[in-house]
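There are 2 protein chains.
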Amino acid sequence: MAERMIVIGGDAAGMSAASQARRRRRDRSDLEIVAFERGHFTSYSACGIPYWVSGLVAERDELISRDPQTFRDEFGIEVRTRHEVTAIDLDRREVTARGLDGGGEVRAGFDTLVYATGASPVQPEWARDEVSGVYGVQTLGDGAALIDWLEREPRPRHAVVVGGGYVGVEMSEALVQRGLKVQLVEQADQPMSTVDPDMGELVADALRATGIGVRTGLTVTGLQERDGRISAVVTDEGPIPADVVVLGLGVRPNTALAEAAGLPIGPSGAVRTDRRMRVPGVPGVWAAGDCVESLHRVSGMPVHIPLGTHANKQGRVAGINIGGGYATFPGVIGTAVTKVCELEVGRTGLRERDAREAGFEFVTVLAQSTNRAGYYPGSRPMTVKLIAERLSGRLLGAQIVGWSEAAKRIDVLAVALWNGMTVDEMTALDLGYAPPYAPVWDPVLIAARKAVDALAADGR
Amino acid sequence: MAERMIVIGGDAAGMSAASQARRRRRDRSDLEIVAFERGHFTSYSACGIPYWVSGLVAERDELISRDPQTFRDEFGIEVRTRHEVTAIDLDRREVTARGLDGGGEVRAGFDTLVYATGASPVQPEWARDEVSGVYGVQTLGDGAALIDWLEREPRPRHAVVVGGGYVGVEMSEALVQRGLKVQLVEQADQPMSTVDPDMGELVADALRATGIGVRTGLTVTGLQERDGRISAVVTDEGPIPADVVVLGLGVRPNTALAEAAGLPIGPSGAVRTDRRMRVPGVPGVWAAGDCVESLHRVSGMPVHIPLGTHANKQGRVAGINIGGGYATFPGVIGTAVTKVCELEVGRTGLRERDAREAGFEFVTVLAQSTNRAGYYPGSRPMTVKLIAERLSGRLLGAQIVGWSEAAKRIDVLAVALWNGMTVDEMTALDLGYAPPYAPVWDPVLIAARKAVDALAADGR
């Protein structure tokens, strides 16, 4: 009889695991693979939703990399969409799933289980009641519903986006591009708190320059409706009129099913795994993606960073191991990039407050330079911030804000950080130079030199 | 009496050394700094000349970062332009210089000498005679003369560029942009031999698509003139009509003065230095820039790679040390980027032939992907080539060719290479992801995964 692998969750992590396992064990009579997915779709790009809403991406299906049919026909992976797994029985080694479009309950035994349930948007108490015109942007269904609302008469003209993280900022831009007046409401002192306040201020300025109203230090307490439609977002500083509201308050790992089954939950609140993505102490059970926690390689602490790149890598690692190979996921360093209208933002490693929390002492520098040789057309300013450990000079974190060819430069710093380089070592890095691409001292090198000077001054 | 530092050569390396030394020893009565420069200018961007010729950069002076007056007034560095040093007397510790605009010979004693004479264009026998309409592009004077010729009646219409390296390719593009018909002549089988033939072919295709005639495997044997003006380039396959000729045959280190003084010349033909940029065995004498050789960190061999980035770094290191600080130049890995019309090309580490010469066995992979998420507007193809050592899997070299946001991705690979990463380790790298900047698997990671597979297949 075939061994059976069951995957809970048919998105990036789950389907990567399934594909990699299949790649190594091609015979269905050797390994049967079944994936249960709550939604209608498999392997889609949630990160692409803002660009679909803005109109940059024309069709929903462009965001889907592989549909269930493809998995079935080309990979021999059975995907049961619209099936929600409701229980995992570790003793009997079976899962129970419920058909969301009827069909009742099914039970399926497993030899190998991959827990890849993802994460769900944080929903504050005041957003629990259904009000027409209030949307999250986690699933393709969410995106479709929002677009439908934007196109229906009377067409919404005033949008409020709640939450100034990546999703909130990208959605604000998308709504502006559709011609709406947008207010971005953020409880903290700045939007984009994934970067330090000095860099976040640059982002806030760019948002304002696009006509987005940036309201910080404001707590949303409720919604107002009129005739069953959203009419305002209520805050501790009064109501803000809105005929469409988008929620971008972050996500939480989907752990309920794991907790009920007794899988270990780590200090970050997500499912624990070992380096091979096995759930420790539970043989034959693996976990990957937005529902698990990862080692932060700089702080040494477990963190929950839900991101498609990690989900894909973790799923791949789990699948290779399940398929009989060997692979490990060595952790994350918190690299992220985003586009805020024309502004580009990148970050990696620890922010100042993370570094302090982790117990590091450090120096910081902000270096101003340009993306290209100063005389080359299209040369634009770029700000690079480095955080380096006192005495050792080891890079702890970096942030970049600029107007063109800026964000992805963070990868250079990410690889330096990954390898534990000191800022002094970094000044010697042999980086590419040509006038259309960089000044003769690349912004990264200019920042490293400045950090070396700061360390020297600090040592005196 | 003040200590005296003499710098031979007032460009990137020499003036960086002078500036850094001055930064640490501000008092002129403590350290006097005198730089002799053969040309009219200090610290200019030779790499910018093609963009000045094309018209992208309007004014010559945009290419000059600091003029002699600024060095004098702001840094207390005496620059004697149009002065050629003709001899170094190590016993008497003095140099002899000749004023090129009259003024006769001067002698100046030194306590510290920085040899930063740069490199000069290779001039084949057939280019030795002066023919109107034949230009190198090494100095601002060369650029001015070429532009003058292009603007003088009768305006040249047919250009031949001899040599398909960076300068040749960039100048071909510049001349096309000025409306000339351009033939690029290269002795080897492909232009851009700084990348492997499979990648070079992509560059050749892009050049041809711009209307540049790419003639490879052709040896130039002479020039034809009519009425004192260039009329054709003679090759072993017949003459190619030309009313302007640009030479881009590479450069050789200027070592004559060093050799005459007995400074050590290394196996690459350039001046030897230690890690602090001291000339070994000659106390008080330093060297930096296009006239010195560097350690290639991958092959372990000395190489001569004349490039502004290295010159600036080496000059800085020398200057810090001369000023009483501590800095080292740990070598190069051969990173370079260039723009060929819209095509972007990057390379780092060893090419296949370099790796073979150095004694490595290796696998290579070519990975096709895109610069952005496939569904994001402006998504364009990108090819990443990796060369990884057999068994160890260590990255030995990488090349990228693509249409947008491609070239500078080489820096990510350069930092991985610098740190001795294996391709397996690289698959886990935490690189930035957002749809406008990358697919969820960055092209670098896709290539690393493919290299891991190739190593596994190789091991069987």
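Chains A and B supply the protein sequences, listed in that same order.
Each step along the first sequence adds one to the number in this note's numbering, with nothing skipped, and position 9 is 9.
Quick note: to get this note's numbering, add 1000 to the position in the second sequence (first position is 1).
All C-beta atoms, glycine included, are put in the ideal place defined by N, C-alpha and C.
{"Asked": "Helix, strand or coil at Ile1049(B) [DSSP, three-state]", "Found": "helix"}
{"Asked": "Pairwise C-alpha distance: Glu1425(B) and Asp1189(B)", "Found": "35 Å"}
{"Asked": "N-terminal and C-terminal residue of the beta strand (DSSP E) that Asp1089(B) is part of", "Found": "His1083 to Asp1089"}
{"Asked": "Cα-Cα separation, Gly55(A) to Pro1443(B)", "Found": "26 Å"}
{"Asked": "At least 3 beta-carbon pairs within less than 8 Å: the segment 1200-1209 of chain B vs the segment 1223-1231 of chain B", "Found": "no"}
{"Asked": "Rounded C-alpha distance that separates Glu105(A) from Glu94(A)", "Found": "13 Å"}
{"Asked": "Span of the beta strand (DSSP E), counted from its first residue to its last, around Ile1320(B)", "Found": "Unbroken run through Ile1320(B) is the alpha helix (DSSP H), Gly1308 to Ile1322; no beta strand (DSSP E)."}
{"Asked": "Ile1410(B) at chain A interface by Cβ criterion, 8 Å", "Found": "yes"}
{"Asked": "Cross-chain neighbours of Ser45(A) in chain B, by beta carbon under 8 Å", "Found": "Ala1373, Tyr1375, Pro1435 and Val1440"}
{"Asked": "Length of the line joining the Cα atoms of Val1467(B) and Thr1235(B)", "Found": "For residue 1467(B) there is no data in the structure shown, the boundaries of chain B being 1001 and 1460."}
{"Asked": "Any chain A beta carbon closer than 8 Å to Lys1313(B)", "Found": "yes"}
{"Asked": "Identity of the residue in Glu1003(B), Val1337(B) and Glu1130(B) nearest Leu1223(B) by Cα", "Found": "Glu1130(B)"}
{"Asked": "Element boundaries [alpha helix (DSSP H), containing Leu444(A)]", "Found": "Residue identity check: residue 444(A) is Val in the sequence provided, not Leu. First-last of the alpha helix (DSSP H) with Val444(A): Pro443 to Gly459."}
{"Asked": "Local Cβ density within 10 Å of Met1(A), reported as buried at 16 or more and exposed below that", "Found": "exposed"}
{"Asked": "Per-residue contacts from Ala1119(B) into chain A (C-beta, under 8 Å)", "Found": "Within 8 Å Cβ-Cβ: nothing; Ala1119(B) doesn't reach chain A, min ~16 Å."}
{"Asked": "Residues sharing a beta bridge with Ile230(A), DSSP", "Found": "Glu225(A)"}
{"Asked": "Proximity test, Cβ basis, 8 Å: Asn1419(B) and chain A", "Found": "yes"}
{"Asked": "Cβ-based burial, Pro1377(B) [other Cβ within 10 Å; buried from 16]", "Found": "exposed"}
{"Asked": "Boundaries (first-last residue) of the beta strand (DSSP E) holding Thr348(A)", "Found": "Leu343 to Gly349"}
{"Asked": "Inter-stretch contact at 8 Å, needing at least 3 Cβ pairs: the segment 1104-1122 of chain B / the segment 1002-1014 of chain B", "Found": "yes"}
{"Asked": "Inter-residue spacing [alpha-carbon to alpha-carbon] between Ser29(A) and Gly103(A)", "Found": "27 Å"}
{"Asked": "Pair within 8 Å by beta-carbon distance, Leu184(A) and Val220(A)", "Found": "no"}
{"Asked": "Beta-carbon proximity check, Trp1149(B) vs Val1244(B), cutoff 8 Å", "Found": "yes"}
{"Asked": "Minimum Cβ-Cβ distance from Gly1346(B) to chain A less than 8 Å", "Found": "yes"}
{"Asked": "DSSP three-state assignment for Phe1362(B), whether helix, strand or coil", "Found": "strand"}
{"Asked": "Inter-residue spacing [alpha-carbon to alpha-carbon] between Gly319(A) and Ile446(A)", "Found": "42 Å"}
{"Asked": "Per DSSP, cross-strand counterpart(s) of His40(A)", "Found": "None; His40(A) has no bridge partner."}
{"Asked": "Whole-angstrom C-beta distance between Ala1398(B) and Val1348(B), which should lie under 8 Å", "Found": "Going by the sequence as given, residue 1348(B) is Thr instead of Val. Yes, Thr1348(B) and Ala1398(B) are in contact; Cβ-Cβ is about 5 Å, under 8 Å."}
{"Asked": "Three-state class that DSSP yields for Ile1333(B) in the structure shown", "Found": "coil"}
{"Asked": "Residues bridged to Val1167(B) (per DSSP)", "Found": "Looking at the DSSP assignment, Val1167(B) forms no beta bridge with any residue, so it has no partner."}
{"Asked": "Closer than 8 Å to chain B by CB, Tyr51(A)", "Found": "yes"}
{"Asked": "Three-way DSSP call (helix, strand, coil) for Glu1389(B) in this model", "Found": "strand"}
{"Asked": "Helix, strand or coil at Leu218(A) [DSSP, three-state]", "Found": "coil"}
{"Asked": "Selection of the segment 329-359 of chain A by Cβ proximity to chain B, strictly under 9 Å", "Found": "Phe329, Pro330, Gly331, Val332, Ile333, Gly334, Thr335, Ala336, Val337, Thr338, Lys339, Glu344, Gly346, Arg347 and Thr348"}
{"Asked": "Under 7 Å from the C-beta of Glu1062(B): neighbouring residues of chain A", "Found": "Tyr375"}
{"Asked": "Bounding residues of the beta strand (DSSP E) (the contiguous stretch that carries Val114(A))", "Found": "Thr112 to Tyr115"}
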